[in-house]
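**Q** Pasting in a structure now, in structure tokens, and then I'll have a few things to ask.
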Amino acid sequence: MTMTRSSIVALALALGLAGTAAAQNPQPAAPPAPTPPATQPATQPAQASMPQPMAAPEQTPMPQGRRVTLSEALQLGRQYNPSQVQAQQNLRVANMGVTEAFGAYLPSVSATAGSSKSSSQRYNSATGQIVSAPGDQSSFGLNANLNLFTGFQRGANQRAANATRDLNQAALLQQDYATDLNTKQAFFNALSTQELVGVAQANLARSDQQLKLTTEKLRLGATTRSDSLSASVDYGNAEVQLIQARANALTAQATLARAIGSPGMVAAVPDTALEVRISSLDTAALRRDAEASAPAVVQAQAGVTAARASLTANRAVYYPTLSLGASQRWAGQILFPWSPVAAGPKYTGTWNFSLSLNYPIFNGFVREANIVNADANYQSAQARLRDARLGLDASLTQELTALDAAGAQIDVARTTVASAQEALRMQRERYRLGASTIVDLLTAETTLNQAETGLVQARYNYLIARATLEALVGHTL
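Be aware that the sequence shown starts at 3, since it is given in this note's numbering, and climbs by one per residue.
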């Protein structure tokens, strides 16, 4: 703020009168004041009501790395999160299991080929003579087998494969929202720590202003050395707060980088649209929708279906199986198909058809053991489904309450900041006029710092509570 010529003249007169009074009433010499980080010129009085430029509090800027928006972070999180990748691969394997179950309805086909070469003379054990025989042999053929009836095993296995695929799809859905929640928490934590760095910088600027004010008053003999030392301690604490805030911000950026699979530091891009509060929420409708769409319940329901299908497939082993086989074979007395022959066909073909029936009578209680294990898994899956539904209801109550409390806390924190700002302004003016102590001034400054920190935390606590509720119900709010 530029001082007018009349202000300078008035200030000079005031300083002259103060010097005349000091000459008439000598006082003991004041101890030397501690050197502040940045002092004002001796001819310029401290102005308590206006902010002063921060020369000494200047700090090393935060390292700039990659910056991502929330949508980019969510996309990268689903792409690189190890648990997400594992869930995707499990679904891929389950889809192949469905294809394999369908393949059981198709015939199996195999091809065979072979050739051998041996000596033309060999011993005939029946006659005890040496006989001559062709030493070259080769053959090749095709074999096919089709299961006509498998005791309902193929249908049961196909239903079990489909249920397993649905279970893995539900698990992937659950992991989708879990990954999104983890990414949002890291993203919002990075944003909040970035803002807390700004809060610490503002607190350091206020501490620097208090230190300059007390230093100037000490120089004029209007305060004690104790006030100056208290202001110096407050300034040092503000510096420590800023250092810690910067360290927390770097840690949060590293955590966000890991969540999205990016090396180095990643900073979150602020977006005011993220902080739009939910105006009204129909909790009854939300509970009804959650029973059908909640990832935890969907996964538990799919687990029950898969366990039931597995139990049915194990029971189908008691039925007989009927299969049809066919084969065609060609054999000749040559080493390779391209070998020359004197006359006649190279190969002689033979074919074969077979129909077989298999009925397992006893296999050492293996079937019974498999059925007991499958039934135990089915009972456990039903218990998990009941627990998932009860847990959903309890979690909804908890998260809805947390969301309401976080929203109310934002309103309280904003009022607290406004009150603390006004209290600090009044205490600063009172201290400048000598009507209050340095303790009152520093207490008001600390209260404002705490209020600003609380407002930042309340705002991002609301965002995290909202993200947690969205992950719980399985859709955005």
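Every residue, glycine too, gets a C-beta built ideally from N, C-alpha and C.
Bear in mind that the values here come from a model prediction, so they are computed numbers and not experimental data.
Taking the alpha-carbon positions, what's the residue 466 to residue 95 distance?
**A** 34 Å
**Q** Would you give the residue range spanned by the beta strand (DSSP E) that residue 119 belongs to?
**A** 110-119 is the span of the beta strand (DSSP E), which, as asked, contains residue 119.
**Q** Excluding the 5 residues flanking residue 97 on each side, which residues of the same chain have their C-beta closer than 8 Å to its C-beta?
**A** Annotation for residue 97: 167 place their beta carbon closer than 8 Å to its own, counting only its chain and skipping 5 residues before and after.
**Q** Expressed to the nearest angstrom, what Euclidean distance is found between the alpha-carbon atoms of residue 211 and residue 201?
**A** 15 Å
**Q** If we call anything under 9 Å between Cβ atoms a contact, is residue 332 one with residue 141?
**A** yes
**Q** Since I believe residue 194 is in contact with residue 462 (beta carbons under 8 Å), could you give me their beta-carbon distance rounded to a whole number of angstroms?
**A** 4 Å
**Q** Using the three-state DSSP reduction, which class does residue 464 fall into: helix, strand or coil?
**A** helix
**Q** Using three-state DSSP, classify residue 106 as helix, strand or coil.
**A** coil
**Q** How would you label residue 229, buried or exposed, when you count the other beta carbons within 10 angstroms and need 16 or more for buried?
**A** buried
**Q** Would residue 252 pass as a contact of residue 191 if the rule is Cβ separation under 9 Å?
**A** Cβ atoms of residue 252 and residue 191: not closer than 9 Å.
**Q** Would you call the stretch 213-220 and the stretch 228-246 touching, i.e. three or more CB-CB distances under 8 Å?
**A** yes
**Q** Compare the beta carbon distance of residue 146 and residue 111 with 9 Å and say whether it is the shorter of the two.
**A** yes
**Q** Do residue 205 and residue 443 have their C-beta atoms within less than 9 Å of each other?
**A** no
**Q** Provide the residue(s) that pair with residue 151 in DSSP beta bridges, ordered along the chain.
**A** Its beta-bridge partners are 324.
**Q** Just checking, does the stretch 374-390 make contact with the stretch 302-322 on the three C-beta pairs under 8 Å criterion?
**A** yes
**Q** Please confirm whether residue 162 and residue 103 have their CB atoms less than 9 Å apart.
**A** Taking 9 Å as the cut-off, the Cβ atoms of residue 162 and residue 103 count as close.
**Q** DSSP beta-bridge partners for residue 125?
**A** 132
**Q** With distances taken between CB atoms, is the gap from residue 209 to residue 447 smaller than 9 Å?
**A** yes
**Q** Does residue 299 have its Cβ less than 9 Å from a Cβ in chain C?
**A** Chain labels in this structure do not include chain C; a single protein chain is all it has.
**Q** Could you tell me the boundaries of the alpha helix (DSSP H) in which residue 388 lies?
**A** 368-435 is the span of the alpha helix (DSSP H), which, as asked, contains residue 388.
**Q** Are there 16 or more other CB atoms within 10 angstroms of the CB of residue 314, so buried, or fewer, so exposed?
**A** buried
**Q** I'd like to know whether the C-beta atoms of residue 394 and residue 292 end up nearer to each other than 9 Å.
**A** yes
**Q** Put residue 459 into one of helix, strand or coil per three-state DSSP.
**A** helix
**Q** Using beta-carbon positions only, say whether residue 75 and residue 268 come within less than 9 Å of one another.
**A** Closer than 9 Å, so yes.
**Q** Pull up the distance between the alpha-carbon of residue 287 and that of residue 382, whole angstroms please.
**A** 30 Å
**Q** With a 10 Å radius around its C-beta and 16 neighbouring C-beta atoms as the bar for buried, classify residue 246 as buried or exposed.
**A** In summary, residue 246 is exposed, with fewer than 16 beta-carbon neighbours lying within 10 Å of its beta-carbon over all protein chains present.
**Q** Within its chain, find whatever has a CB closer than 7 Å to the CB of residue 359; leave out the 5 residues flanking it on each side and keep chain order.
**A** Contacts found: 322 and 324.
**Q** Just the C-alpha distance for residue 124 and residue 132, rounded to the nearest angstrom, thanks.
**A** If I take the Cα positions, the gap works out to 6 Å.
**Q** State the start and end residues of the unbroken alpha helix (DSSP H) segment that holds residue 350.
**A** No alpha helix (DSSP H) holds residue 350; the beta strand (DSSP E) holding it covers 350-360.
**Q** Do the CB positions of residue 148 and residue 327 come within less than 9 Å of each other?
**A** yes
**Q** Relative to the C-alpha of residue 459, which residue among 410, 306, 437 and 260 is closest?
**A** For the options 410, 306, 437 and 260, the alpha carbon positioned closest to that of residue 459 is the one of 410.
**Q** Under the DSSP definition of a beta bridge, which residues are partnered with residue 143?
**A** Note: residue 143 sits in a beta bridge opposite 114 and 331.
**Q** Rank 81, 330, 363 and 452 by C-alpha distance to the C-alpha of residue 185 and give the top, closest one.
**A** 81
**Q** Residue 294: buried (16+ other C-beta within 10 angstroms of its C-beta) or exposed?
**A** With fewer than 16 other Cβ atoms within 10 Å, it is exposed.
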